[in-house]
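Residue numbers (this note's numbering): 98 to 320.
Idealized CB from N, CA, C, for every residue including glycine.
Below you'll find the structure, written out as structure tokens, and then a few comments.
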């Protein structure tokens with residue numbers, strides 16, 4: 098049954114690497130450092146999306162609310178310091194085993210992320226997983242980021258596979274919407290930050306990648 102799967106395409110942040118927790122914590126701690134609380138609900142409205150001026154928006158929010166606002170270099174330096182101290186050195190639970198199984202079956206894999214190349218490529222290299230993927234597509238490579246289907250369609254094009262015979266593994270509502278718009282089967286592995294996202298559109302939902310097998314992914318193509 099696994100020959101039904103043409104490719105498996107992974108989101109990066111929150112799926113392969115838990116970069117979402119240090120990203121949230123760095124914003125929260127910097128905001129609180131300058132006297133401005135950051136609620137989880139406010140932060141969650143941004144998870145899974147990317148804006149070119151993303152950090153500028155957070156900086157302006159802090160500048161507008163803080164009684165003693167930082168300048169931009171201080172904001173950037175403190176956020177980077179906290180993020181680097183918290184970002185894990187290993188992939189998320191079950192990811193390496195799943196990559197091993199998919200690779201052993203000869204099924205091509207790709208990363209399709211809405212983040213920038215300058216983050217995704219070196220981060221995947223640090224984790225030691227970059228060689229497992231035939232290609233890495235980021236938001237820099239397409240006209241429209243998630244929830245548009247562009248990154249997934251581009252990944253399928255580079256792999257020379259039919260999107261409708263491919264599986265996308267995601268953690269957020271915009272990511273699931275992106276993969277579904279590309280015609281792919283979708284698996285949701287909610288990160289603790291995206292558990293409250295509406296992931297009901299996914300074809301399958303699991304708690305972590307360790308719950309996935311090739312046989313289970315293949316069942317997504319059974320009528």
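Short of 6 Å from the beta carbon of residue 304, and not among the five residues preceding or following it, lies no beta carbon of its own chain. Closest option to residue 262, judged by alpha-carbon separation, among 270, 249, 269: 249. DSSP places residue 263 within a strand segment (E or B) once states are collapsed to three. Using a Cβ distance threshold of 9 Å, residue 217 and residue 109 count as a contacting pair. Fully contained in the stretch 130-212 are the following beta strand (DSSP E) runs of length 3 or more, in chain order: 206-209. The closest CA to that of residue 193, considering only 233, 320, 229, 170, is found on 229. Taking a 10 Å sphere around the C-beta of residue 151, we find fewer than 16 other C-beta atoms and assign the residue as exposed. Annotation for residue 285: the continuous beta strand (DSSP E) segment containing it runs 282-285. With a cutoff of 9 Å on beta-carbon distance, residue 179 and residue 139 are scored as not near each other. Rounded to the nearest angstrom, the Cβ distance from residue 211 to residue 243 is 4 Å, consistent with a contact under 8 Å. Inter-residue distance for residue 201 and residue 195 is about 10 Å (C-alpha atoms, whole angstroms).
Counting along the chain, residue 248 sits inside no beta strand (DSSP E); it lies in the alpha helix (DSSP H) bounded by residues 247-256.
The shortest CA-to-CA distance from residue 104 to any of 253, 154, 129, 316 is the one to 253.
If you ignore the 5 residues before and after residue 276, its C-beta comes within less than 7 Å of the C-beta of 249, 265, 267, 283, all in its own chain and listed in chain order. Distances from the CA of residue 203 to each of 271, 176, 231 were compared; the closest alpha carbon is that of 231.
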